[in-house]
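> The structure follows.
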Amino acid sequence: MIRMATIASGSSGNCTYIGTEDTHILIDAGISMKRTAEGLHALDLDFSDLDAIFVTHEHSDHIQGIPMIEKHHGLPLYATGGTLARVKAGDAKGVIRQELIHVVRDREEVTVGDLTVRPFAISHDAAEPVGYRVTQTAGNRQFCAAVATDMGCFDERIEQSLSGLDVLLLESNHDVRMLQAGPYPYPLKQRILGERGHLSNDAAGDLLSRVLHDGVKGVLLGHLSEMNNLPELAYETVRVEIELSDTPWHGNDFPIDVAPRAMLSRVLTIG
Ligand SMILES: [Zn+2]
Ligand SMILES: [Zn+2]
623 MIRMATIASG
633 SSGNCTYIGT
643 EDTHILIDAG
653 ISMKRTAEGL
663 HALDLDFSDL
673 DAIFVTHEHS
683 DHIQGIPMIE
693 KHHGLPLYAT
703 GGTLARVKAG
713 DAKGVIRQEL
723 IHVVRDREEV
733 TVGDLTVRPF
743 AISHDAAEPV
753 GYRVTQTAGN
763 RQFCAAVATD
773 MGCFDERIEQ
783 SLSGLDVLLL
793 ESNHDVRMLQ
803 AGPYPYPLKQ
813 RILGERGHLS
823 NDAAGDLLSR
833 VLHDGVKGVL
843 LGHLSEMNNL
853 PELAYETVRV
863 EIELSDTPWH
873 GNDFPIDVAP
883 RAMLSRVLTI
893 G
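Oh and the sequence shown: position 25 is 647 in my numbering, straight run, nothing missing.
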């Protein structure tokens, strides 16, 4: 059994919970310790249940809760070397204990409790960003979830990392037209639209169409821009993209939810 839910999702803070009966991890801790605790409570958990925090990259909307959480709860922290160097550089008070730090590498699995976690490199303007694929093997069954946000673009390697999933948190950051017509300064627009920026609704629909299969139990669209997107627009664009794709799937074949910015999402449970 795997459960996945976002506790927060968007440019003001990201935190995703993935766990089984025995093992509980967070992917990113980009909101306050208090709000993280509230999200965990809504899942009938607290910090003492957590086994690790995995970090995707060092942008503050993914790490700003870490110093306080590490100070009070001392959880094992997993990230790439490039991300860890930036996280430690920002840890002015030195609260992150060296013995809790674990370096992960692209496509090298690590085991935490009954979860196997496989990072995969993504294209984003950070030091060494990754997404994570998380698998529980229970007897001859496998349950599989993944977090793929903060990606300017995707390629076959990422499609491969997202193949055969049961549940997926996928970035659907912006509507291209809203972004282009919106108030952001030109360089910021270029950054978001660039190959190391964020995935548009159309691109999310395209990627999703490529990785859908019979066994998909649920999709969360996340990291929506507050200024350049709307939940219904992200949902509809992704659905239409699936309809238009040359796959056998229709937009209504799979439960697709939009992850709310500042509260617990629907809890996707498999197994
Ligand atoms: Zn982000
Ligand atoms: Zn980022």
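A virtual CB, placed ideally from N, CA and C, is assigned to each residue, including glycine.
Could you check the C-alpha separation between His796 and Leu821 for me, to the nearest Å?
Looking at the two C-alpha atoms, the distance is approximately 7 Å.
> Quick one: what does DSSP say His681 is sitting in, helix, strand or coil?
His681 falls in the coil class under three-state DSSP.
> At a cut-off of 7 Å, would you count Asp772 as near ligand 2, judging by its Cβ distance to the nearest heavy atom?
True, at least one ligand heavy atom lies under 7 Å from that Cβ.
> Can Asp824 and Val798 be called in contact, C-beta distance under 8 Å?
Taking 8 Å as the Cβ cut-off, Asp824 and Val798 qualify as a contacting pair.
> In three-state DSSP terms, what is Thr705?
In the structure shown, Thr705 sits in a helix (DSSP, three-state: H, G or I).
> Leaving out five residues before and five after Ile675 in sequence, what residues of the same chain have Cβ atoms less than 6 Å from its Cβ?
Only Leu648, Ala651, Leu697 and Leu699 meet the Cβ criterion.
> Rank Gly786, Asp736, Val734 and Glu854 by C-alpha distance to the C-alpha of Ser580 and give the top, closest one.
Residue 580 is absent from the structure shown; the chain starts at 623 and stops at 893.
> Compute the Euclidean distance between the alpha carbons of Leu792 and Phe776, then round it to the nearest angstrom.
If I take the Cα positions, the gap works out to 12 Å.
> For a test of your reading of the model: does the CB of Asn850 fall under 7 Å from any non-hydrogen atom of ligand 1? Yes or no.
Incorrect: Asn850 has no Cβ contact closer than 7 Å to ligand 1.
> For Glu692, which residues in the same chain have their Cβ closer than 6 Å to its Cβ, ignoring the five residues on either side in sequence?
Hits under 6 Å: Val717 and Ile718.
> Is the beta carbon of Glu778 less than 8 Å from the beta carbon of Val833?
Not in contact: Glu778 and Val833 (Cβ atoms no closer than 8 Å).
> Can you tell me whether DSSP reads Phe669 as helix, strand or coil?
Residue state, collapsed to three classes: helix.
> For the beta strand (DSSP E) that contains Asp879, what are its first and last residues?
Residues Ile878 to Val880.
> Looking only at its own chain, which residues have a Cβ that is under 7 Å from the Cβ of Ala826, when we skip the five neighbours before and after it?
These residues qualify, in order along the chain: Leu792, Glu793, Ser794, Leu843 and Val860.
> Is any heavy atom in ligand 1 found nearer than 7 Å to the beta carbon of Asp683?
At least one heavy atom of ligand 1 is nearer than 7 Å to the Cβ of Asp683, so yes.
> Would you call the CB atoms of Gly774 and Arg708 closer than 8 Å?
Cβ atoms of Gly774 and Arg708: not closer than 8 Å.
> Rounded to a whole number of angstroms, what is the C-alpha to C-alpha distance between Ala767 and Leu672?
Cα-Cα distance, rounded: 17 Å.
> Give a single yes or no on whether Ala748 has its beta carbon closer than 7 Å to a heavy atom of ligand 2.
Yes; taking the cut-off as 7 Å, the Cβ of Ala748 has a heavy atom of ligand 2 nearer than that.
> Does at least one heavy atom of ligand 1 sit under 7 Å from the Cβ of Ser822?
Not so, every heavy atom of ligand 1 lies at least 7 Å from the Cβ.
> If we require 3 or more residues per run, which beta strand (DSSP E) segments fall completely within the stretch 711-797?
Taking only runs of at least 3 residues, the beta strand (DSSP E) segments lying wholly in the stretch 711-797 are 723-726, 732-734, 737-743, 752-760, 763-770 and 789-793.
> Closest by CA to Pro689, which one among Leu662, Ser654, Val756 and Leu886?
Among Leu662, Ser654, Val756 and Leu886, the Cα nearest to that of Pro689 belongs to Ser654.
> Express the C-alpha separation of Tyr639 and Asp736 in angstroms, rounding to a whole number.
Asp736 and Tyr639: Cα-Cα distance of roughly 15 Å.
> By DSSP, does His835 sit in helix, in strand, or in coil?
If DSSP states are grouped into helix, strand and coil, His835 belongs with coil.
> Report the residue from Ile864, Lys811, Asn762 and Ser670 whose alpha carbon sits nearest the alpha carbon of Asp847.
Correcting the residue identity first, residue 847 is Ser in this sequence and not Asp. Ranking Ile864, Lys811, Asn762 and Ser670 by Cα distance to Ser847 puts Lys811 first.
> Looking at the structure shown, is Leu886 part of a helix, part of a strand, or coil, going by DSSP?
Correct three-state label for Leu886: coil.
> What do you get for Ala884, buried or exposed, if any count of 16 or more other CB atoms within 10 angstroms of its CB means buried?
The residue in question, Ala884, is exposed, as its Cβ has fewer than 16 Cβ neighbours within 10 Å.
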